[in-house]
Amino acid sequence: MANTYTAIATVTVGSGGASTVEFTSIPATYTDLLLVFSLRSDRSASSISSSLIVNGSTSSYSSRYIRGDGSSVASYTGASSYFNPGEVPAATATSSTFGNGMVYIPNYAGSTNKSFSFDNVQENNTTGAYQTMGAGLWSNTSAITSIEIGHRDYASGNFVQYSTATLYGIKNS
Amino acid sequence: MTHKLIVDCSTGVTTEVELTAEEVAQREADAVAFAEIKAAEEAAAQAKADAKASAEAKLAALGLTADEIAALS
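Protein chains in written order, with this note's numbering: chain D, 2 to 174; chain Y, 36 to 108.
Have a look at this one:
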């Protein structure tokens, strides 16, 4: 990784699990942000959709993404209340597997609307496993100071122990 | 209780916080919205599959073979 990358903060979920992981007080001293995550949910399903919001906002998101499942691929329109940066394994997926992904946010501290790109794979030792790639926009000119990754598609559920998320700051020089 | 992890990037300190009633309500509202989106996606996919099956049946009625119909898609 280029030496312009700086790990701002990293978190590992403990034994009690966590419904969401939130990075707050993100400094405005970088050019771009990169969120890298490895997650698994305790919900009773083979996979769940992860979610991402910034600055606590649950509006003004738009996105398109493609998702393959091992046999077919389709394109989707994302929700308006959050981004869906991909599927991660849940309770009935192959044990001890995690879904890995990244979200890139250029010019996060600027005064224009904020664009995102993301890709993700759901590790699972079966014929079906999701891969997602997409891009989107948060139509808001505020600087991004917080990022939350969770699973807002569901009213309950936690990320399990050893799930991790790391936020990198990237400078253009 | 459901809780979240908050990482303060200015200090590096991680704290564990219980979700507020408002956050729980928002989460439940998000789940309802997601279910509606899912249902719409599944309905659209089913409609597309039904239209394809109908078109193939009409082509077969016109005398096309299965291989000829498959060659069109």
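Yeah, the Cβ is synthetic: ideal placement off N, Cα and C, and Gly gets one too. All values reported here derive from a predicted model rather than from experimental measurement.
Separation of residue j from residue i, as counted between CA atoms
i, j, result
"residue 64 of chain Y", "residue 154 of chain D", "9 Å"
"residue 48 of chain Y", "residue 26 of chain D", "11 Å"
"residue 73 of chain Y", "residue 85 of chain D", "13 Å"
"residue 20 of chain Y", "residue 128 of chain D", "Lying outside 36 to 108, the shown extent of chain Y, residue 20 of chain Y is not represented and no answer is given."
"residue 169 of chain D", "residue 29 of chain D", "12 Å"
"residue 10 of chain D", "residue 69 of chain Y", "30 Å"
"residue 172 of chain D", "residue 105 of chain Y", "52 Å"
"residue 87 of chain D", "residue 140 of chain D", "21 Å"
"residue 16 of chain D", "residue 163 of chain D", "8 Å"
"residue 54 of chain Y", "residue 38 of chain Y", "5 Å"
"residue 74 of chain D", "residue 81 of chain D", "22 Å"
"residue 35 of chain D", "residue 82 of chain Y", "39 Å"
"residue 66 of chain D", "residue 90 of chain Y", "29 Å"
"residue 50 of chain Y", "residue 114 of chain D", "30 Å"
"residue 123 of chain D", "residue 52 of chain D", "14 Å"
"residue 174 of chain D", "residue 107 of chain D", "14 Å"
"residue 59 of chain Y", "residue 126 of chain D", "33 Å"
Whole-angstrom C-beta distance between residue j and residue i, which should lie under 8 Å
i, j, result
"residue 144 of chain D", "residue 105 of chain D", "At roughly 17 Å, the Cβ-Cβ gap does not stay under 8 Å, so residue 144 of chain D and residue 105 of chain D are not in contact."
"residue 167 of chain D", "residue 19 of chain D", "With 8 Å as the limit, residue 167 of chain D and residue 19 of chain D do not qualify as a contact, their Cβ atoms being about 15 Å apart."
"residue 101 of chain D", "residue 50 of chain D", "Not really, about 15 Å apart at Cβ, beyond 8 Å."
"residue 12 of chain D", "residue 107 of chain Y", "The pair is not a contact, with the Cβ atoms about 53 Å apart (cut-off 8 Å)."
"residue 161 of chain D", "residue 14 of chain D", "7 Å"
"residue 5 of chain D", "residue 41 of chain D", "That belief does not hold up - the Cβ atoms of residue 5 of chain D and residue 41 of chain D are roughly 31 Å apart, past 8 Å."
"residue 63 of chain D", "residue 138 of chain D", "5 Å"
"residue 103 of chain D", "residue 117 of chain D", "Not a contact, Cβ separation roughly 11 Å."
Boundaries of the alpha helix (DSSP H) in which residue i is found, first to last residue
i, result
"residue 94 of chain Y", "56 to 96"
"residue 104 of chain Y", "101 to 107"
Segment limits, beta strand (DSSP E) that includes residue i
i, result
"residue 1 of chain D", "A query on residue 1 of chain D cannot be resolved here, the shown segment of chain D reaching from 2 to 174 and no further."
"residue 123 of chain D", "115 to 123"
"residue 38 of chain Y", "38 to 43"
"residue 143 of chain D", "No beta strand (DSSP E) contains residue 143 of chain D, which DSSP labels as neither H nor E."
"residue 90 of chain D", "88 to 90"
"residue 12 of chain D", "6 to 13"
"residue 54 of chain D", "52 to 55"
"residue 67 of chain D", "62 to 69"
"residue 77 of chain D", "74 to 78"
"residue 184 of chain D", "Examination of residue 184 of chain D is not possible in this model, given that chain D is present from 2 through 174 alone."
"residue 27 of chain D", "Taken as a continuous stretch (DSSP letters only), residue 27 of chain D belongs to no beta strand (DSSP E), as it is neither H nor E."
"residue 52 of chain Y", "48 to 53"
"residue 126 of chain D", "From DSSP, residue 126 of chain D is part of no beta strand (DSSP E); its letter is neither H nor E."
"residue 102 of chain D", "100 to 107"
Practice problem: Please name the residues in the stretch 48 to 73 of chain Y whose beta-carbon is closer than 7 Å to at least one beta-carbon of chain D, in chain order. | Solution: Residues of the stretch 48 to 73 of chain Y with a C-beta atom less than 7 Å from some C-beta of chain D are 49, 54, 61, 62, 63, 65, 66, 68, 69 and 72, listed in chain order.
Quiz prompt | Cβ contact (3+ pairs, closer than 8 Å) linking the stretch 83 to 96 of chain D and the stretch 29 to 48 of chain D | solution = When C-beta atoms of the stretch 83 to 96 of chain D are compared with those of the stretch 29 to 48 of chain D, three or more pairs fall below 8 Å, so the two segments count as touching.
Quiz item: When Cβ atoms are compared, which residues of the stretch 89 to 105 of chain Y fall closer than 9 Å to chain D?
Solution: Within the stretch 89 to 105 of chain Y, no residue has a Cβ that lies closer than 9 Å to any Cβ of chain D.
Quiz item: If we count Cβ pairs, one from each stretch, closer than 8 Å, do we get three or more for the stretch 148 to 167 of chain D versus the stretch 46 to 65 of chain D?
Solution: Flag = yes, the stretch 148 to 167 of chain D and the stretch 46 to 65 of chain D touch.
Practice problem: For the stretch 20 to 39 of chain D, enumerate the residues whose C-beta is nearer than 7 Å to any C-beta of chain Y, in chain order. | Solution: Only 20, 21, 22, 23, 24, 25, 26, 27 and 28 from the stretch 20 to 39 of chain D bring a Cβ to less than 7 Å from some Cβ of chain Y.
Quiz item: In the stretch 115 to 143 of chain D, which residues sit with their C-beta less than 9 Å from some C-beta in chain Y, listed in chain order?
Solution: If you check each beta-carbon in the stretch 115 to 143 of chain D against every beta-carbon of chain Y, none falls closer than 9 Å.
Quiz prompt | Cβ-based contacts, 8 Å cut-off: residues of the stretch 78 to 96 of chain D near chain C | solution = Absent here is chain C; the protein component of the structure consists of chains D and Y.
Practice problem: Please determine if the stretch 69 to 86 of chain D and the stretch 130 to 145 of chain D are in contact, where contact requires at least 3 C-beta pairs separated by less than 8 Å. | Solution: Contact holds: three or more Cβ-Cβ distances are below 8 Å.
Quiz prompt | Interface residues of the stretch 76 to 87 of chain Y facing chain D [CB-CB below 9 Å] | solution = Residues of the stretch 76 to 87 of chain Y with a C-beta atom less than 9 Å from some C-beta of chain D are 76 and 80, listed in chain order.
Practice problem: Identify each residue in the stretch 6 to 20 of chain D for which the Cβ-Cβ distance to at least one residue of chain Y is less than 7 Å, and report them in chain order. | Solution: Hits within the stretch, in order: 9, 10, 12, 14, 19 and 20.
Practice problem: With 8 Å as the limit, tell me which residues of the stretch 153 to 165 of chain D have their beta carbon closer than that to any beta carbon of chain Y; keep them in chain order. | Solution: Here the close residues are 153, 154, 155, 156, 157 and 159.
Quiz item: Between the stretch 57 to 72 of chain D and chain Y, which residues of the former have CB atoms less than 7 Å from a CB of the latter, in chain order?
Solution: The residues in question are 59.
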